[in-house]
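S.K.: So that we are looking at the same thing, I have put the structure below in structure tokens.
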């Protein structure tokens, strides 16, 4: 029997080989069929809302990387344990790998729209992992010492267990201390037959296994479609908008250092979604299906969509998971087809009140029909800030609906719209404790200075952004140390669907100070000071920061 560390190494390497091969096969079947991703997706689905909120607050947009990393750490620990058990009896290792194969396969085939073939990467990966485990265990301890069989030990000696340390110190079959030659320390099989533990053969086999696992994983990622989709995206020629956006008014951006720019660059735009692996959708294969409570079901290709009149609009999006003062909000110029125009082609029935949209990865969200049809610039967007929609933000097509939180409106990689009713269908987040409808709440944020900053006494600028999409911000007020509220200067805006920059001058005096902000929207509503968490329908409260002045 080989030392425990040797079994653990064999288990880790064979587990890596299993995952690498599974990744390779998933490159042909579909990246979403990689078992690690499927298990991660299942974990996301089963995680309670408070835990998800904690993950978003703690890890931000890295929450998915942390989740996948956690799954891999757990798999590594289990693989090492399986290897140790396999060193005692291979059947134990085979059973352990098979059990995890079953878990992975179930996670894959229970996804929305999954088929039996989707389990193939897991099955093939486990099969190759089983072979690798057996090969490594036998390679480590399956070679008999050279030369004639040793004399039969006495009964007492044969019955005494041999530890890995004792085995390393044991004399060779020829009676001499083992060295770097052909002879190796002898250990005992259960039946008393001496077997050589060969460290060198184990380590060289492990290196080979790592190379195979790494090469298979990299090749599988390349086959996953990202490069092909990136190339297809680069080849898209965007038509000119039939309805261009209004020119930005002078003074829309106050250009204060540290203040969020009026237009959020694509690379900085927040991303919060449930996709552990970003869907790779070829625009040549993409179709949008409109069905349900309609007179005429509609199916559009990407080319069909680009031939329709395109509208350009400046719209701010916000995530319902955003804490007061949080970063999950951004403003962009979008280009797309009005959703209302596509829906009129299908002929909405009078009893329909919900659009159940589905993403290419199976995520769903429910959008109120009346919001989309009331004249606002709700779009099937194909471009963002003058360029083809980035893959991470929904290429080839996503929804953009002013005035609603993203979880009920902004479906990325959208492929299906079922026209239905809220009393008949539920979207992804509703049974998980979130409100079925999510109108955005009036909010404001201090960007400059940052909480905890140390400032010099004297004149300084306080600045930030406020938003009340499809209503508009009419006023922003700031106060220091619970003093009088003071009106801030507001930047210009092209319409009610974007955030609005604001600033105010402050004569800072030495000491520690608390700064608060609140906004009033065009309907006359002023933000409440009552703090509430994001769940179930968006956070409330005034953003406050503390600074030190010297």
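Numbering (my numbering), first residue to last: 34 to 583.
Even glycine gets a Cβ: it sits at the ideal position worked out from N, Cα and C.
1) Using a Cβ-Cβ cutoff of less than 8 Å, which residues in the same chain neighbour residue 332 once the five nearest sequence positions on both sides are dropped?
2) Compute the distance between the beta-carbons of residue 139 and residue 58, then report whether it is under 7 Å.
3) With residue 500 and residue 351 assumed to form a contact (beta carbons below 8 Å), what rounded beta-carbon distance in angstroms separates them?
4) I'd like to check one pair, residue 452 with residue 477: are the Cβ atoms closer than 7 Å?
5) In the DSSP assignment, find the unbroken beta strand (DSSP E) run with residue 431 in it and report its ends.
6) Classify residue 147 as helix, strand or coil using the three-state DSSP reduction.
7) What is the residue span of the beta strand (DSSP E) that residue 585 lies within?
8) Within 10 angstroms of its Cβ, does residue 416 collect 16 or more other Cβ (buried), or is it exposed?
9) Could you say which of 294, 271 and 297 lies nearest to residue 340 if we only look at CA atoms?
10) Measure the Cβ-Cβ separation of residue 585 and residue 249 and say whether it is below 7 Å.
11) Over what stretch of residues does the alpha helix (DSSP H) that includes residue 538 continue unbroken?
12) What residue ranges within the stretch 293-364 form continuous alpha helix (DSSP H) runs of no fewer than 4 residues, ordered along the chain?
13) Thinking just about the alpha-carbon of each residue, which of 70, 384 and 126 is nearest to the one in residue 141?
14) Go through the stretch 372-407 residue by residue and report every complete run of the beta strand (DSSP E) that reaches 3 residues or more, in order.
15) For residue 273, which option in 237, 282, 344 and 313 has the closest C-alpha, if you only look at C-alpha atoms?
16) For residue 477, report the span of its beta strand (DSSP E) as first-last.
17) With distances taken between CB atoms, is the gap from residue 493 to residue 462 smaller than 7 Å?
18) Let me know the secondary structure DSSP gives residue 428 once reduced to three states.
19) I'd like to know whether the C-beta atoms of residue 473 and residue 438 end up nearer to each other than 7 Å.
20) According to DSSP, simplified to helix, strand and coil, what is residue 168?
21) When burial is assigned at 16 or more other CB atoms within 10 Å of the CB, is residue 49 buried or exposed?
22) Hey, could you find the ends of the alpha helix (DSSP H) residue 412 is sitting in?
23) What separation, rounded to the nearest whole angstrom, lies between the Cα atoms of residue 119 and residue 72?
M.R.: According to the data block:
1) Closer than 8 Å at the Cβ level, and outside the excluded window around residue 332, lie 320, 321, 322 and 323.
2) Cβ atoms of residue 139 and residue 58: not closer than 7 Å.
3) With 8 Å as the limit, residue 500 and residue 351 qualify as a contact, their Cβ atoms being about 7 Å apart.
4) No, the pair does not count as a contact, with Cβ atoms beyond the cut-off.
5) According to the DSSP assignment, residue 431 belongs to the beta strand (DSSP E) that extends over 431-433.
6) Of the three classes helix, strand and coil, the one that applies to residue 147 here is coil, per DSSP.
7) It is not possible to answer for residue 585, since the shown part of the chain is limited to 34 through 583.
8) By the 10 Å Cβ count, residue 416 comes out buried.
9) Among 294, 271 and 297, the Cα nearest to that of residue 340 belongs to 271.
10) Any property of residue 585 remains undetermined from this structure, which presents the chain solely from 34 to 583.
11) DSSP places residue 538 outside any alpha helix (DSSP H); the residue lies instead in the beta strand (DSSP E), whose first and last residues are 533-541.
12) Taken in chain order, the unbroken stretches of alpha helix (DSSP H) that lie wholly in the stretch 293-364 and span 4 residues or more are 335-340.
13) That would be 70, whose Cα lies nearest to the Cα of residue 141.
14) When DSSP assignments are scanned along the stretch 372-407, the uninterrupted stretches of beta strand (DSSP E) that are 3 or more residues long and fall wholly within it turn out to be 387-392 and 397-401.
15) Ranked by Cα distance from residue 273, the first of 237, 282, 344 and 313 is 344.
16) Counting along the chain, the unbroken beta strand (DSSP E) around residue 477 starts and ends at 476-481.
17) Taking 7 Å as the Cβ cut-off, residue 493 and residue 462 do not qualify as a contacting pair.
18) Reduced to three states, the DSSP call for residue 428 is coil.
19) It is a contact, given that the beta carbons lie within the stated cut-off.
20) Looking at residue 168 - three-state DSSP - the assignment turns out to be helix.
21) Burial call: buried.
22) It is not in any alpha helix (DSSP H) - residue 412 instead sits in the beta strand (DSSP E) that spans 412-417.
23) Between residue 119 and residue 72, the C-alpha separation is close to 24 Å.
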